[in-house]
Amino acid sequence: MQTRKLGRTALDVSVLTFGCGAVGGLMTRGRPEAQERAVARALEAGINHFDTAPSYGDGASEQNLGRVLGLLKPAVIVSTKVRLPADPPAIGDAVAASLEASLRRLKRDHVDVFQLHNVIGVRNGEAMSADEVLGDVVPALDRAREQGKTRFIGFTAIGETAALHRLIASAAFDTAQVPYNALNPSPGEPIPAAYPAQDYGRILDLAAQHGVGTIGIRVLAGGALSGHAERNPLGLATVEPIGSGASYAADVARARRLEPMLREGHADTLTEMAVRFALANPKLSTTEIGLANIEELEAAIAAVEKGPLSEAALARLKQLQAGFLGEAR
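Following my numbering, the numbering of the sequence shown begins with 1 at its first residue and continues without gaps.
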């Protein structure tokens, strides 16, 4: 599988990342043998990055990933996260305790990337301001790096666009997880003011300028870009959109309006189209896919093997996206 540089980390990361989250559910609620088969198949296909978090299944994802990697013993890139509670008494202590617990579950002495998992913007509950992140969280993440418990540090780019841009430009972070999909292409290209989605202001371009590696998340819009509303029983029963429609149902409805891409031969399925759309942006280091089963993994691998969408396909997609202009978010 093709690899790309993960920004200034110089890590060669596979263009597909194995997402271990709860939206798909394989690594939180799947059978152990199914988890082992899927990870083994991912390794066989050349996937070398596995992304998890303590909030995925209340630690189950990290524990299951640690078990499977312990059995297979591959040389891979592992990333996890920390989500700080509202008003923790001591941010440094909370970050350190979270990482120690993650390392125990993962059965590792360090991770490759340790990422802040909080929403960024105005302080509200677990959401943190950029000032708090740069002043209080970054020093704690840097201490973990100095102690050899992580090689690099990152954050999840969900929240207010201006605050996210500030963190990218700060030079504090090596990586960012960026929501990017065919329903909201604004991280990678300009969108009109009337487009019904959060405008991320071409954050992928900004990240490239500052050497920040980017991990594409919500590439399937939480599953909506499958074009159907049914959820796999292993995954989350409900999924809130990130930066796109007002509801999951609204995202599914818009996804179905992209089906001319299939009838016109640009892709065989909406899922394939969505993966290949993400691959088409060279400024996206890797595309993370959440999984419920090995069949979904095989479909993602097959999409990668077909390569990025063509220029003609991207132009046609933009025409279809223009049909969303003026609609409510």
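Glycine included, every Cβ here is placed at the ideal spot set by N, Cα and C.
CB of residue i within 8 angstroms of CB of residue j, strictly
i      : j      : result
Arg276 : Lys306 : yes
Ser79  : Asp51  : yes
Leu204 : Gly188 : yes
Ile91  : Leu84  : yes
Pro196 : Arg37  : no
Thr286 : Arg4   : yes
Gly148 : His110 : yes
Asp112 : Leu11  : yes
Gly7   : Gly213 : yes
Arg130 : Phe155 : It should be noted that the sequence gives Ala, not Arg, for residue 130. No, Cβ-Cβ distance for Ala130 and Phe155 is not below 8 angstroms.
Ala94  : Pro88  : yes
Glu288 : Ile168 : no
Own chain residues within Cβ distance below 6 angstroms of residue i, not counting five before or after
i      : result
Arg105 : Gly59, Glu62, Gln63 and Gly66
Gly290 : Gly19, Gly21, Val23 and Gly24
Leu236 : Ala22 and Val23
Phe57  : Correcting the residue type first, residue 57 is Gly in the shown sequence and not Phe. If we look at Gly57 and ignore the five residues flanking it on each side, its Cβ neighbours are Ala22 and Thr28.
Asn184 : Ala197, Gly243 and Ser244
Ser186 : Asp199 and Tyr200
Asn333 : The structure shown does not extend to residue 333, since the chain is modelled only from 1 to 329, so the question has no answer here.
Ile47  : Ser14, Leu16 and Phe18
Ala127 : Val119 and Gly121
Inter-residue Cα distance where the pair is residue i and residue j
i      : j      : result
Met261 : Val178 : 24 angstroms
Phe152 : Gly211 : 13 angstroms
Ala299 : Leu220 : 13 angstroms
Asp199 : Gly222 : 18 angstroms
Ala312 : Ala267 : 12 angstroms
Leu206 : Arg108 : 33 angstroms
Ala303 : Pro54  : 29 angstroms
Gln319 : Arg166 : 32 angstroms
Asp323 : Leu258 : Here the sequence assigns Gly to residue 323, which means Asp is not the residue at that position. Using only the alpha carbons, I get a separation of about 10 angstroms.
Pro139 : Asp174 : 14 angstroms
Leu317 : Thr150 : 39 angstroms
Ala75  : Val68  : 13 angstroms
Ala255 : Thr238 : 17 angstroms
Leu99  : Arg145 : 11 angstroms
Gln321 : Leu270 : 14 angstroms
Val82  : Pro190 : 31 angstroms
His49  : Asp142 : 22 angstroms
Ile217 : Thr9   : 19 angstroms
Gly265 : Ser310 : 11 angstroms
Gly70  : Val133 : 33 angstroms
Phe114 : Ala253 : 35 angstroms
Own chain, CB closer than 8 angstroms to residue i, minus 5 neighbours either side, in chain order
i      : result
Phe249 : Here the sequence assigns Ala to residue 249, which means Phe is not the residue at that position. Excluding residues within five positions, the ones whose Cβ falls inside 8 angstroms are Ala229.
Leu314 : Phe277 and Ala280
Pro241 : Ala221, Gly222, Ala224, Ser247, Tyr248, Ala250 and Asp251
Glu272 : Ala299, Ala302, Ala303 and Lys306
Close-in-space but distant-in-sequence residues of the same chain around residue i (CB under 7 angstroms, 5 per side omitted)
i      : result
Ala40  : Leu72
Ala274 : Asn181, Ala182, Val219, Leu220 and Leu225
Ala45  : Met1 and Ile301
Leu325 : Pro192, Ala194 and Tyr195
Leu26  : Ala34, Gln35, Ala38, Leu234, Leu291, Ala292 and Asn293
Asn281 : Gly188 and Leu204
Leu208 : What sits at residue 208 in the sequence shown is Ala, not Leu. Around Ala208: Lys283.
Pro308 : Arg276, Leu279 and Ala280
Ala171 : His210
Ala101 : Pro54
Glu327 : Pro196
Inter-residue CB distance, residue i and residue j (contact presumed, cutoff 8 angstroms)
i      : j      : result
Leu279 : Ala42  : Incorrect: roughly 17 angstroms between the Cβ atoms, too far for contact.
Gly245 : Asp251 : 4 angstroms
Leu103 : Val137 : No, Leu103 and Val137 are not in contact; Cβ-Cβ is about 18 angstroms, not under 8 angstroms.
Ala157 : Gly125 : Between Gly125 and Ala157 the Cβ distance is about 18 angstroms, and since that is not below 8 angstroms, they are no contact.
Please determine if the stretch 155-164 and the stretch 120-127 are in contact, where contact requires at least 3 C-beta pairs separated by less than 8 angstroms.
yes
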